[in-house]
Amino acid sequence: MKQFMILIREDASIMANMTEAEAQAEINEYMAWVEEMAKTDNYISGDPLESEGRYLKKDTIHSDGPFIESKEAVTGYVLIQAKDMDEAVKWAKKCPVYKNDGAVELRPVMKH
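Residue numbers for the sequence shown follow our numbering, beginning at 96 and rising by one.
Below you can see the structure in the form of structure tokens.
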């Protein structure tokens with residue numbers, strides 16, 4: 096099995112304007128997705144990310160988060176295992192992020 100990183104990208108303003116009930120409903124959807132992957136041994140780990148952070152280049156900090164300069168932000172990650180990219184895509188397509196016009200970036204983890 097290969098490992099794949101799913102980077103979850105969402106509109107930060109939508110997340111910031113959610114009611115507590117809406118946020119909990121979204122969390123429940125993510126938990127159901129993760130539980131489905133866990134039942135098939137595809138889930139490895141994952142977490143949401145806080146909005147605070149730093150965007151760095153070699154000698155400077157280009158952005159001192161929260162990352163409000165960009166509409167879309169990486170809000171979380173999920174590490175999965177799958178037999179190939181096609182299977183990983185099937186899991187990534189089930190991510191709840193699409194409900195709010197979000198996106199995912201799916202990348203194989205390089206092993207060397």
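Cβ coordinates follow ideal geometry from the N, Cα and C atoms, glycine included.
### Query
How should N112 be labelled, buried or exposed, when 16 other C-beta atoms within 10 angstroms of its C-beta is the threshold for buried?
Under this definition N112 is an exposed residue.
### Message
Does E145 come out as helix, strand or coil in the three-state DSSP assignment?
### Response
Of the three classes helix, strand and coil, the one that applies to E145 here is coil, per DSSP.
### Task
Measuring alpha carbon to alpha carbon, tell me which of G197, A198, P203 and S140 ends up nearest D179.
Nearest of G197, A198, P203 and S140 to D179, Cα basis: P203.
### DSSP state of V169 mapped onto helix, strand, coil
DSSP places V169 in strand when its eight states are reduced to three.
### Integer Cβ distance of I103 from G197, believed to fall under 8 Å
About 7 Å separates the CB atoms of I103 and G197; that is less than 8 Å, so the two are in contact.
### Task
Assign I163 to one of three DSSP states: helix, strand, or coil.
Note that I163 has pLDDT 48, beneath the 50 cutoff, so the model's placement of it is unreliable and no number is given.
### Query
Cβ atoms of A177 and E105: under 8 Å apart, would you say?
Result no, Cβ atoms of E105 and A177 do not sit closer than 8 Å.
### Task
Provide the residue span of the beta strand (DSSP E) that contains D106, from first to last.
It spans K97 to D106 - the beta strand (DSSP E) in which D106 sits, taken as one unbroken run.
### Task
Would you kindly check if the distance between the Cβ of Y172 and the Cβ of I101 is under 8 Å?
Yes, these two residues count as a Cβ contact at 8 Å.
### Message
Once the 5 residues before and after Q119 are set aside, which same chain residues still bring their CB inside 6 Å of it?
### Response
Cβ neighbours of Q119 beyond the five flanking positions: none.
### Query
If you run the structure through DSSP and keep just helix, strand and coil, what is V199?
Annotated three-state conformation of V199 is strand, per DSSP.
### Query
Taking buried to mean at least 16 other C-beta atoms within 10 Å of its own C-beta, is M132 buried or exposed?
By the neighbour-count rule (16 or more Cβ atoms within 10 Å), M132 is buried.
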